[in-house]
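Peer 1:
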Amino acid sequence: MTLATDPARLPAIGVARRVVHRRAWGAWVFGTLVLLAVLLVIRAGINARVLNVGIFLDYVFSSQIVTGARNSLALGTVALLIAIAVGLVVALMRVSGNPILVAFSAAYVYLFRGTPMLIQLIFWFNAFPIMFPHLHLAVPFTDTVLVSMPMTRLITPYAAALAGLALAEGGYMAEIIRGGFLAVDQGQRDAARALGMRSGQVMRNIVIPQAARIIVPATGNQYIMLLKSTSLASAIGYLELLRITTDIYAANFHVVELLAVAGFWYLVMTGIATALQTTLEKRYPHR
Amino acid sequence: MTPGIDSPMIDVRTVTKLRGTNRVLRDVSFAVPRGQIVAVIGPSGAGKSTLLRCINHLDTIDAGQIFVEGRLVGYEERDGALYELADAATSRQRQGIGMVFQSFNLFRHVTALENVLAGPLIVLGQQRAAAERRARELLERVGLADKASSYPNQLSGGQQQRVAIARALAMQPSVMLLDEPTSALDPELSQEVIAAIRRLAEDGITMMIATHEMELARDFADRVLFLVDGELVEDRPAREFFAAPRHDRARQFLSRLGLGAVQTEEAGT
Chain Y
484 MTLATDPARL PAIGVARRVV HRRAWGAWVF GTLVLLAVLL VIRAGINARV
534 LNVGIFLDYV FSSQIVTGAR NSLALGTVAL LIAIAVGLVV ALMRVSGNPI
584 LVAFSAAYVY LFRGTPMLIQ LIFWFNAFPI MFPHLHLAVP FTDTVLVSMP
634 MTRLITPYAA ALAGLALAEG GYMAEIIRGG FLAVDQGQRD AARALGMRSG
684 QVMRNIVIPQ AARIIVPATG NQYIMLLKST SLASAIGYLE LLRITTDIYA
734 ANFHVVELLA VAGFWYLVMT GIATALQTTL EKRYPHR
Chain P
1279 MTPGIDSPMI DVRTVTKLRG TNRVLRDVSF AVPRGQIVAV IGPSGAGKST
1329 LLRCINHLDT IDAGQIFVEG RLVGYEERDG ALYELADAAT SRQRQGIGMV
1379 FQSFNLFRHV TALENVLAGP LIVLGQQRAA AERRARELLE RVGLADKASS
1429 YPNQLSGGQQ QRVAIARALA MQPSVMLLDE PTSALDPELS QEVIAAIRRL
1479 AEDGITMMIA THEMELARDF ADRVLFLVDG ELVEDRPARE FFAAPRHDRA
1529 RQFLSRLGLG AVQTEEAGT
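Listed in order, the protein sequences are those of chains Y and P.
The first sequence begins at 484 in the working numbering and counts up by one.
The second sequence begins at 1279 in the working numbering and counts up by one.
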């Protein structure tokens, strides 16, 4: 072969050549298939019994539905805040190095992350008051009684849902926060201690702000999950968005429209959570 | 307990440090008078960093005592034993001992200025305005006045290390411990850090520098501690050490660096 040395076949130096980039043909073929599938689904939707926009609009801003959405948002938000506090404490126990605290936190995470949230909600609402029928809080070794009432008065559907969601979510948050702590390089702590910071100051000023870069995005994700998980509280009779929706369509059979209404409000809630996450992430940028 | 004017700034007495069954420091003793600059050299793993980290109690010791300005660091002597001090007490002692690390360890979530301010604001609780004026002066002193609002990841290694020096100085320490301050830098960037350290030397601050950089050790160290396997095998004025190292390992070490090949290998034994 004299191909490489044949001067006639070599491009002349200095002559501009058009550059053609490689095309990803496979992706285009697959994209076309996806587009076809979407068109088929849309056609099926048009032929099916369509959602009645009038009924959807009647319910979407009705006071019952809005109350349900507000209850869900409040339940999910309060549960997340408690879960962050619980998770922080459990994560601090986990990194403390004390064998009792480490074992406790590991057991906590295993138990609360390892069983379904729905079971935990039902447990707090149904089983817990059976196990402990009467709440009696007193100062030890005195006659001072702080609280004394039947457990069923304390364990309302809201309280049971909040306890279930917050404690279960606390298990996830503990792991997220621990992961954040571990991501902060030991050298950062050494430098802070060498300046004379006490361990609490190192935690507040150096470790937590840096761990936040890892913790914030993951927590945003958990918030979205938790807002949707509030629908589990419908099983124990708490009047959140899904429970109100199903109660209404059980009476009027507008299943499609009412589920669409519920879906709409869940999307609004998760939209708010996403916006919050984006704002917080900007406050703790990666450096 | 009160340090006399002649009492050493750093006084290390028969210090032993274990890591598992490995003795990373073996019965090390020396004293550093006020204003002296000591280079700690030796092969990797000799215990140079550990020694510095024990002096401000970032690492614990297993036997012996370390005094800085006449005060026992990290421990309290009671009934013939040393009890480790509470976090708050040790933290107070560390305030007077500045440290610079091989990997800079600037707080990466805040700017250069905030790094320098961390000590005065968080540890000493100073007023921001006054502290900031001083912090800017320190940044200017290390040649980085224009980088005050840069984040660590926007600075070169040499610039980061100079900010780290300013951060340590902001606590007005009486002693500076520099743990391989130029080892993570290429020769050109090392030079700017060496220049910053030279200014400290001119100011007369007591310093211990663990280093591989012979220029650092030779140019302005008054004294050399040569460590091998956790043992202090030579402790001599820098000039004498570089002219004629006594210990075999020191001679080998210097000749491997292309320095001090004055004597032949056989001359030692």
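Where a beta carbon is used, it is the ideal one built from N, C-alpha and C, also for glycine.
(1) How long is the line joining the alpha carbons of TYR721 of chain Y and ALA646 of chain Y, rounded to whole angstroms?
(2) Could you pull out every residue in the same chain whose Cβ sits closer than 7 Å to the Cβ of SER712 of chain Y, ignoring the five residues on either side in sequence?
(3) Which residues, in order along the segment 695 to 706 of chain Y, keep a beta-carbon less than 9 Å from a beta-carbon of chain P?
(4) The alpha helix (DSSP H) spanning LEU534 of chain Y covers which residue range?
(5) Beta-carbon separation of VAL1306 of chain P and LEU1329 of chain P under 9 Å?
(6) Mind the definition here: the segment 683 to 700 of chain Y touches the segment 759 to 767 of chain Y only if three or more C-beta pairs lie below 8 Å; say whether that holds.
(7) Measure the alpha-carbon distance for ILE469 of chain Y versus VAL572 of chain Y and round it to whole angstroms.
(8) So if DSSP puts ALA1444 of chain P in a beta bridge, which residue, or which two residues, is it bridged to?
(9) Which residues, taken in chain order from the segment 1364 to 1398 of chain P, show a beta carbon closer than 7 Å to some beta carbon of chain Y?
(10) Return the CA-CA distance between HIS619 of chain Y and THR635 of chain Y, expressed in angstroms with no decimal places.
(11) Three-state secondary structure (DSSP) at GLN1469 of chain P?
(12) Assuming SER1452 of chain P contacts GLY1374 of chain P (C-beta within less than 8 Å), just tell me the rounded distance between them.
(13) Buried or exposed: where does ARG1524 of chain P fall if 16 or more other Cβ atoms within 10 Å of its Cβ makes it buried?
(14) For SER1505 of chain P, is the classification buried or exposed, using 16 other Cβ atoms within 10 angstroms of its Cβ as the cut-off for buried?
(15) What are the boundary residues of the beta strand (DSSP E) that PHE772 of chain Y is part of?
(16) If you drop the 5 nearest sequence neighbours on each side, which residues of the same chain put their C-beta closer than 7 Å to that of LEU709 of chain Y?
(17) Report the neighbours of ASP673 of chain Y on chain P: residues whose CB is nearer than 9 Å to its CB, in chain order.
(18) Please classify GLY597 of chain Y as buried or exposed, where buried requires at least 16 other C-beta atoms within 10 Å of its C-beta.
(19) Would you be able to state if there are at least three C-beta pairs under 8 Å between the segment 626 to 643 of chain Y and the segment 666 to 674 of chain Y?
(20) Under 8 Å between beta-carbons, which chain Y residues line up against VAL1401 of chain P? List them in chain order, please.
(21) Does DSSP classify ARG1370 of chain P as helix, strand or coil?
(22) Could you check if ASN535 of chain Y is buried or exposed, using at least 16 other CB atoms within 10 Å of its CB as the buried criterion?
(23) Is ASP1305 of chain P helix, strand or coil by DSSP?
(24) Are the C-beta of MET484 of chain Y and some C-beta of chain P separated by less than 9 Å?
(25) Closer than 9 Å by beta-carbon distance: list the chain P residues that pair up with GLN760 of chain Y, in chain order.
(26) Bridge partners of ASN1300 of chain P, per DSSP?
(27) Out of curiosity, what's the CA-to-CA distance linking ILE1475 of chain P and ARG1297 of chain P?
(28) Name the one or two DSSP bridge partners that GLN1437 of chain P has.
(29) Considering only the beta carbon of each residue, do SER1327 of chain P and ALA1488 of chain P sit closer than 9 Å?
(30) Cα separation between ILE727 of chain Y and GLY514 of chain Y?
Peer 2: So, from the data block:
(1) Working through the first sequence from its first residue, we reach residue 721 of chain Y at position 238. Working through the first sequence from its first residue, we reach residue 646 of chain Y at position 163. Computed Cα separation, rounded: 13 Å.
(2) For the purposes of this step, residue 712 of chain Y is identified with residue 229 of the first sequence, where counting begins at 1. Contacts found: MET600, LEU648.
(3) ALA695, ARG696
(4) In the first sequence, the residue the question calls residue 534 of chain Y occupies position 51. From DSSP, LEU534 of chain Y is part of no alpha helix (DSSP H); its letter is neither H nor E.
(5) Within the second sequence, residue 1306 of chain P is the residue found at index 28, counting from 1. Within the second sequence, residue 1329 of chain P is the residue found at index 51, counting from 1. In this structure, LEU1329 of chain P lies closer than 9 Å to VAL1306 of chain P by Cβ.
(6) Taking a cut-off of 8 Å on C-beta distances, the segment 683 to 700 of chain Y touches the segment 759 to 767 of chain Y, as three or more cross pairs fall below it.
(7) With chain Y covering only 484 through 770, there is no way to say anything about residue 469 of chain Y.
(8) As a working mapping, residue 1444 of chain P is identified with position 166 in the second sequence. Looking at the DSSP assignment, ALA1444 of chain P forms no beta bridge with any residue, so it has no partner.
(9) For the segment 1364 to 1398 of chain P, the beta-carbon criterion of a distance under 7 Å to any beta-carbon of chain Y is satisfied by ASP1365, ALA1366, SER1369, ARG1370, ARG1372, GLN1373, MET1377, PHE1379, SER1381, ASN1383, PHE1385, ARG1386, HIS1387, ALA1396, GLY1397.
(10) In the first sequence, the residue the question calls residue 619 of chain Y occupies position 136. In the first sequence, the residue the question calls residue 635 of chain Y occupies position 152. Rounded to the nearest angstrom, the two C-alpha atoms are 13 Å apart.
(11) Taking the second sequence and counting its residues from 1, the one referred to as residue 1469 of chain P is at position 191. Helix.
(12) By 1-based counting over the second sequence, the position of residue 1452 of chain P is 174. By 1-based counting over the second sequence, the position of residue 1374 of chain P is 96. So it is a contact: roughly 5 Å between Cβ atoms.
(13) Walking along the second sequence from the start, residue 1524 of chain P turns up at place 246. So ARG1524 of chain P ends up on the exposed side.
(14) The residue given as residue 1505 of chain P occupies position 227 in the second sequence. One detail in the question is off: residue 1505 of chain P reads as Leu in this sequence, not Ser. Flag for LEU1505 of chain P reads buried.
(15) No answer is possible for residue 772 of chain Y: it lies beyond the span of chain Y, which begins at 484 and ends at 770.
(16) Counting from one through the first sequence, the residue named residue 709 of chain Y turns up at place 226. GLY559, ALA562, LEU563, LEU648, GLU652.
(17) Mapped onto the first sequence, residue 673 of chain Y falls at position 190. Per Cβ cutoff of 9 Å: ARG1331, LEU1336, MET1377, PHE1379, ASN1383.
(18) Position 114 of the first sequence, counted from the first residue, corresponds to residue 597 of chain Y. Classification for GLY597 of chain Y: exposed.
(19) no
(20) Here residue 1401 of chain P corresponds to residue number 123 of the second sequence, with the count starting at 1. Those within 8 Å of VAL1401 of chain P in chain Y are LEU678, GLY679, MET680, GLN684.
(21) As a working mapping, residue 1370 of chain P is identified with position 92 in the second sequence. In this structure, ARG1370 of chain P counts as helix in the three-state DSSP scheme.
(22) Position 52 of the first sequence holds residue 535 of chain Y. Result: exposed.
(23) If you number the second sequence from 1, residue 1305 of chain P lands on position 27. ASP1305 of chain P: strand per DSSP, three-state reduction.
(24) Sequence index remark: in the first sequence, residue 484 of chain Y carries index 1 (1-based). Summary for MET484 of chain Y: the model assigns pLDDT 49, below 50, so the residue's position carries little reliability; its value from the coordinates is reported in the next sentence. Chain P contact via Cβ: absent.
(25) Counting from one through the first sequence, the residue named residue 760 of chain Y turns up at place 277. Under the 9 Å cutoff, chain P gives no residues; its nearest Cβ is about 18 Å from GLN760 of chain Y.
(26) Translated into positions along the second sequence, residue 1300 of chain P becomes position 22. Answer is P:ARG1297, bridged to ASN1300 of chain P.
(27) The residue you call residue 1475 of chain P lines up with position 197 of the second sequence. The residue you call residue 1297 of chain P lines up with position 19 of the second sequence. Cα-Cα distance, rounded: 31 Å.
(28) To locate residue 1437 of chain P, count along the second sequence from 1; it is residue 159. GLN1437 of chain P is not bridged to any residue.
(29) Within the second sequence, the letter at position 49 stands for residue 1327 of chain P. Within the second sequence, the letter at position 210 stands for residue 1488 of chain P. For SER1327 of chain P and ALA1488 of chain P, yes; Cβs fall inside 9 Å.
(30) By 1-based counting over the first sequence, the position of residue 727 of chain Y is 244. By 1-based counting over the first sequence, the position of residue 514 of chain Y is 31. Straight-line Cα distance between these residues: approximately 40 Å.
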